[in-house]
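Peer 1: Position 316 of the sequence shown, counted from 1, bears residue number 319 in this note's numbering, the numbering being contiguous throughout.
Cβ coordinates follow ideal geometry from the N, Cα and C atoms, glycine included.
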Amino acid sequence: MFIERSAGRIRLARTLFLAGGLLPCALLALWAVQRSSSAHRASIQAEWQRSVGLSLDLGSVEHSRPGTVTARRCVVRTPAGQAVMEVPTVEVESAATEERLRLDVVRLDASAAAVLADVAREWLRSDARHPRNCVIEVADCAWSDAGVEAKSSDEPMQRPDAVPIRVECVAQGVSRAIRIVRRSEADDELREDELRMVRTVTSDHGAMGEEFSVELRCNDPVPLAILAACAGVPMESAAVAGRAALVSGTMTARCDASGWAGEGRGRITGIDLGACFAALQARGSGGATVDIERCEWRSGRLVSAVVRCLAGRGWVDAALVDRVVMALGGRSGPAVRVPGDPVRSFDAAGCALAVDASGVRVTALDGLHDGLAVAGGEVVLYPPPTPVAFDRMAWMLAPPSATFVPAGGGGAWLMSVAPQSARGGDAVPR
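1) Using a Cβ-Cβ cut-off of 7 Å (strictly less than) and excluding sequence neighbours within five positions of Thr366, which residues of its own chain qualify?
2) Does the contact criterion of 3 or more C-beta pairs under 8 Å hold for the region 197 to 212 versus the region 174 to 183?
3) Keeping to the same chain, check which residues put their C-beta closer than 6 Å to that of Gly303; ignore five residues upstream and five downstream.
4) Looking at the strands, I want to know which residues DSSP matches up with Thr203.
5) From the DSSP output, read off the bridge partner residues of Ser288.
6) Helix, strand or coil for Gln161 per DSSP?
7) In angstroms with no decimal places, state the Cα-to-Cα distance between Gln284 and Asp130.
8) Write down the C-beta distance between Asp60 and Val78 rounded to the nearest angstrom, noting that I regard them as a contact closer than 8 Å.
9) My assumption, with CB atoms under 8 Å, is that Gly287 sits in contact with Trp318. Please give the rounded CB distance.
10) Got a sec? Which residues, its chain only, sit under 7 Å from Ala378 by beta carbon, not counting five neighbours each side?
11) Between the Cα of Arg364 and those of Pro345, Val383 and Leu331, spot the shortest distance and give me the residue it belongs to.
12) Mapping the DSSP letters down to three states, classify Arg132 as helix, strand or coil.
13) Please state whether the Cβ-Cβ distance between Arg185 and Leu193 is less than 8 Å.
14) Please confirm whether Asp359 and Ser307 have their CB atoms less than 8 Å apart.
15) When DSSP builds the beta bridges, which residues end up paired with Ile271?
16) Spatial neighbours of Ser156 within its chain, please: CB distance less than 8 Å, with the 5 preceding and 5 following residues excluded, ordered by chain position.
17) If you compare alpha carbons, which of Ala321, Gly362, Arg76 and Trp126 is closest to Asp344?
18) Which ranges would you report for the alpha helix (DSSP H) in the region 62 to 129 if only whole runs of at least 4 residues count?
19) One question on the structure: do Val177 and Ile139 come within less than 8 Å of each other, judged by their Cβ atoms?
20) Strictly under 8 Å for the Cβ-Cβ distance: is Ala16 near chain C by that measure?
21) Give the secondary structure of Ala338 by DSSP, where H, G and I count as helix, E and B as strand, and everything else as coil.
22) For Thr255, collect the residues of the same chain with a Cβ closer than 6 Å to its Cβ; drop the 5 residues on either side in sequence, then sort them by chain order.
23) Could you compute how far the alpha carbon of Ser251 sits from the alpha carbon of Gly269?
24) With distances taken between CB atoms, is the gap from Arg368 to Leu313 smaller than 8 Å?
25) According to the neighbour-count rule (16 or more other Cβ atoms, all chains shown, within 10 Å of its Cβ), is Met329 buried or exposed?
26) Using the beta-carbon count (16 or more within 10 Å), is Asp275 buried or exposed?
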């Protein structure tokens, strides 16, 4: 009986060992195989795509620790399937009310910036679809080819250094906000650029509405193409200033039922005059800098502005100079000596623009002999003596083939944002 009882105990011990030892190991192995399978990667990819509203490709997926998923070789695509951004490593940590994303390296061009801006606007507006807060930390972020290339070999530009970026998406009550912070060091000084976007739901006599506010502080220059893409400006419009244009400055704005209102100031450097003249269907060359000393707008229209433009050596088609003379009331200077010469060269050019309800006052800068451009110490073009009406400015900006102004292009856009009392009369015939 002692022998039979021992054999039973042995069988029981073996059974318990198989059930409590080998079986969990086998289940754990099966779970690990499932976690590393393509089906599991596809399920995570589908979940992330539903969350951000974009098409994603994930090279591999790892569960580095509980509640954290690490994806490698991630590709972000537009709804049309075009790849706009590739991120080597993305780490997503989920908490009760928050998602934390950590990205190692991000390179942004205008296309990627436009896609990400759409995602940000969607998060601000879609409370039900995005109920959780989100924090995104990018260890190494820099602009790619847009706006950082030199426009000529004899005028090199430094590619902006990669810097960390932190994005906070927070919902509190009826308000939702996004805060983007970029920190960098220049001349042993820590700089912090910041963008805040806030959406607030309003109620007026039972009618629901919404208001948006934007605050921007940008000390380190940002490519104009990137900034324009984030604002929803078409790429062809941003290309007017050239690929090398960089922007810095500050802005505050608010949008309600009456439209956008705000004010700002800043600087645009690296402007390609050749691209600017091409938008006016003219040829030319040179570089320029624009200082926006003050700019104020209300209900989607410009109220007042003070702008200073300065360009170095360059040239432009003589026909464009003639358009300035005829449309704005300027006057040719003594440097224009050869009537048959198809181009007008200049050693320096610039002007100050003051915009208000009376129109645009164009004045010369110091050092240009009271002219808008000088060559060989003599004036190429003098400014108009009186304020210029906006319809005359639109005439100058419109294509030479246009019969009525504004018919399209820059002239039509100018009339759409000009102060109401300074728009001038009806279309001006050629």
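Peer 2: In brief:
1) Cys354, Ala355 and Pro386
2) yes
3) Gly262 and Trp263
4) Ser178 and Glu214
5) Trp318
6) Unreliable positioning characterises Gln161 in this predicted model, as indicated by a pLDDT of 40, which lies under 50. The coordinate reading is nonetheless provided below. Coil at Gln161, not helix or strand.
7) 46 Å
8) 4 Å
9) 6 Å
10) Ala338, Ser348, Phe349 and Asp350
11) Leu331
12) coil
13) no
14) yes
15) Val250 and Val293
16) Its pLDDT being 34, under 50, Ser156 is placed unreliably by the model, and the measurement read from it follows with that caveat. Taken in chain order, the list of residues that qualify is empty.
17) Ala321
18) 113 to 128
19) no
20) The chain labelled as chain C is not found in the depicted structure, where only one protein chain is given.
21) coil
22) Glu218 and Gly265
23) 5 Å
24) For the sequence presented, residue 368 should be read as Leu rather than Arg. In contact: Leu368 and Leu313 (Cβ atoms closer than 8 Å).
25) exposed
26) buried
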